[in-house]
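Enquirer: Got a structure for you, written out below as structure tokens; questions coming shortly.
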Amino acid sequence: FDFTPVQVILQHLFGFPKPIYHHHRLIRDDAGKRLAKRDDARAIRTYRQDGATSEDVRRLVGL
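For the sequence shown, my numbering assigns the number 93 to the initial residue and increments by one for each residue that follows.
What follows is the structure, encoded as structure tokens:
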């Protein structure tokens, strides 16, 4: 189910500003495998708890 049109309507009805979206490339682990919930990938929070810095997390998302 594509919920985006419903979100856009609600944003308009409530007078919220139009959001700016950023589409980043797939996030991959050090082995190159994409991080996906369906594959039980580690959450970004887990990387942070294991000592990853903000810079490390930005590197994961290609920033």
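Where a beta carbon is used, it is the ideal one built from N, C-alpha and C, also for glycine.
The model shown is predicted, which means the values in this text are computed figures rather than measured ones.
Helix, strand or coil: how does DSSP classify Arg-120 here?
Expert: strand
Enquirer: Considering only C-alpha positions, which residue in the set Asp-131, Val-149 and Arg-130 is nearest to Thr-138?
Expert: Ranking the options by Cα distance to Thr-138, first place goes to Val-149.
Enquirer: Taking the straight line between their C-alpha atoms, what separation do you get for Gln-99 and Leu-105?
Expert: 10 Å
Enquirer: Assuming contact is defined by CB atoms lying nearer than 8 Å, are Arg-126 and Ile-136 in contact in what I supplied?
Expert: no
Enquirer: Which same chain residues end up closer than 6 Å to Arg-117 when comparing Cβ atoms and leaving out the 5 residues on each side of it in sequence?
Expert: Gly-154
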